[in-house]
Amino acid sequence: IRKKYNIDDEREDLLKCIDEWTVDLAARGGKFHGGAKPDLADVAVLHNSPLAAQKPHRPPHMVRTIEVVELLVIMPSAQRWKCRLLFSRIDLCREKVEVLRLPHPSDGKLANFLLTSAGRLFEVNSFERSGYNRGSIFVGDETLVRDPHVLLGTEVAPVMLLLPFLANQKGSQDRFVTFTDIILGASTEYSDCREAFKHMVTLCRDGLEKQLACVCETKAVSKDAEEKVYRFSLERLAAWLAVNVRKTTEQAISSDLYFTEVGECATQELRRERLSRFMCELCCHFAMGDADLVAKVARRLDVDVSQPLVPSPAKEVGPPAVETAPVNQKRIRPSE
1 IRKKYNIDDE
11 REDLLKCIDE
21 WTVDLAARGG
31 KFHGGAKPDL
41 ADVAVLHNSP
51 LAAQKPHRPP
61 HMVRTIEVVE
71 LLVIMPSAQR
81 WKCRLLFSRI
91 DLCREKVEVL
101 RLPHPSDGKL
111 ANFLLTSAGR
121 LFEVNSFERS
131 GYNRGSIFVG
141 DETLVRDPHV
151 LLGTEVAPVM
161 LLLPFLANQK
171 GSQDRFVTFT
181 DIILGASTEY
191 SDCREAFKHM
201 VTLCRDGLEK
211 QLACVCETKA
221 VSKDAEEKVY
231 RFSLERLAAW
241 LAVNVRKTTE
251 QAISSDLYFT
261 EVGECATQEL
271 RRERLSRFMC
281 ELCCHFAMGD
291 ADLVAKVARR
301 LDVDVSQPLV
311 PSPAKEVGPP
321 AVETAPVNQK
331 RIRPSE
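As numbered in the UniProt record's numbering, the sequence shown has no gaps in its residue numbers, which increase by one up to the final residue, 336.
Rendered as C-alpha cells:
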C-alpha cells in the first residue's frame with residue numbers, strides 16, 4: 001500500500017495507522033481502489049504455499065494449488081479493523097472480487113459467496129476457535145496471525161445454485177426448456193436476491209451452460225443452431241456428483257491429507273472408503289437433504305450409506321452423583 005499510493009510512513013502496525021493513511025490520501029485528492037476505504041485489492045498480501053516446496057514428487061498440476069491471502073476486513077459492529085485470513089485460490093492481483101448474497105443449495109437461505117471478474121464462484125465459510133484456547137495461526141514462513149479467525153473460500157460450480165430450482169420443477173420435468181427460460185424462472189424464484197443472481201449469471205454464463213449439460217438431458221433446437229434445450233435429470237446429477245466425489249477423493253489421497261470427523265489432525269493413514277463416505281455426507285449437505293440422490297451417488301461409488309450420515313447427538317449425561325465420604329475418612333483442611 002505504501003508503494004502503490006506513495007505513502008511516506010515507516011510504521012509497521014497497519015491497524016494503528018490505516019485511518020491516518022486514509023485521511024492523508026484523501027487530503028491529497030487521491031482515493032483507494034475501492035473508494036474512501038481500502039478494499040481487498042488494496043490490502044491483500046499473497047504468500048506462496050510452503051506445501052509445494054515440501055512435496056517435490058507431486059505432479060505439475062498439484063504445485064501451488066493453495067494460496068494464502070491475508071486480508072483486512074472491516075467489522076461494522078466493532079467499528080474497527082480486525083485481521084482475518086482467507087484461504088482461497090483467488091489471485092487478487094488479477095481478479096476483482098465482490099461479495100454476493102445468493103441462495104445456498106442446501107437450504108435455499110441466503111449465504112455469502114465470492115464472485116470474481118473471471119466468472120468463478122466461491123462459497124465462503126467461517127471457522128473460529130472459541131474459548132480461552134484460541135491460539136494463533138502461522139502463515140508462510142514469517143507471519144503470525146494473532147486472531148485465529150479463518151475464512152475458507154471454496155470454488156463451487158455455479159450450476160449448484162440452480163439445483164434447488166431445477167429439482168422443484170416437478171410439473172415441467174418432462175419437457176425441454178431453453179437456458180433463458182431456466183434463468184428467468186430461477187430469478188423469479190429467488191426474488192430476494194434477484195439482482196445478485198442475474199449478475200452472477202452474466203459473469204458465469206459460459207460455465208453455467210456447460211455445467212447444465214452435466215445435470216440435464218440436452219438436445220439441439222435445430223441442426224444449424226447452437227442453442228440447446230435442457231431437461232433436468234436426477235440420474236445425470238448423481239453421475240456428475242459421483243465424478244466430483246471421486247476426483248476429490250483422488251486429490252486428497254495424492255495430497256497425503258489426513259483428517260478426523262472433528263477436524264483435528266489424524267495420525268492414521270487415510271482410507272479411501274472412509275473419505276468417500278465423508279464426501280457422500282458432504283454431497284448430502286449440498287443435495288437439499290435428498291436421501292434418494294445421496295443413495296444414487298453412493299451406489300456409483302460402492303459406498304455403504306445404510307447407517308445415518310450425520311452422527312447422532314451425544315447422549316445427555318446427568319449430573320454426577322454426590323459422593324458421601326466414609327465416616328472414618330480424614331477430612332482435608334482448607335490449608336491442605
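From the three backbone atoms N, C-alpha and C, an ideal C-beta is built for every residue, glycine too.
query                                                                                                                           : result
Sequence-distant residues of its chain with Cβ nearer than 7 Å to residue 177 (five each side left out)                         : 229, 230
Spatial distance of residue 222 from residue 99 (CA atoms)                                                                      : 39 Å
Cut-off 8 Å between Cβ atoms - residues of its own chain near residue 219, not counting five sequence neighbours on either side : 176, 228, 229
Spatial neighbours of residue 240 in its chain, beta-carbon cut-off 7 Å, leaving aside the 5 residues before and after          : 214, 215
Burial state of residue 217, where buried means 16 or more other Cβ atoms lie within 10 Å                                       : exposed
Selection from 88, 96, 297 that minimises the alpha carbon distance to residue 235                                              : 297
DSSP state of residue 176 mapped onto helix, strand, coil                                                                       : coil
Nearest to residue 183 (by Cα), restricted to the options 162, 192, 169                                                         : 162
Where the alpha helix (DSSP H) containing residue 199 begins and where it ends                                                  : 194 to 215
DSSP state of residue 153 mapped onto helix, strand, coil                                                                       : strand
Residue of 149, 195, 165 minimising C-alpha distance to residue 181                                                             : 165
Terminal residues of the alpha helix (DSSP H) in which residue 246 lies                                                         : 234 to 254
Coarse secondary structure for residue 296, derived from DSSP in three states                                                   : helix
Close beta carbons around residue 291, own chain, < 7 Å, minus the five adjacent residues each side                             : none
Three-state secondary structure assigned by DSSP to residue 159                                                                 : helix
Residues that residue 230 bridges to, as DSSP identifies them                                                                   : 177, 218
Buried versus exposed, by CB contacts within 10 Å (16 or more), residue 196                                                     : buried
Simplified DSSP state of residue 111, which is helix, strand or coil                                                            : strand
Cβ-Cβ distance between residue 96 and residue 103 below 8 Å                                                                     : no
Length of the line joining the Cα atoms of residue 158 and residue 207                                                          : 7 Å
Own chain, CB closer than 7 Å to residue 113, minus 5 neighbours either side, in chain order                                    : 100, 102, 121, 122, 123, 124
Same chain, Cβ closer than 7 Å to residue 194, neighbours up to 5 away in sequence not counted                                  : 187
Whole-angstrom distance between residue 277 and residue 304, CA atom to CA atom                                                 : 7 Å
Per DSSP, cross-strand counterpart(s) of residue 116                                                                            : 97
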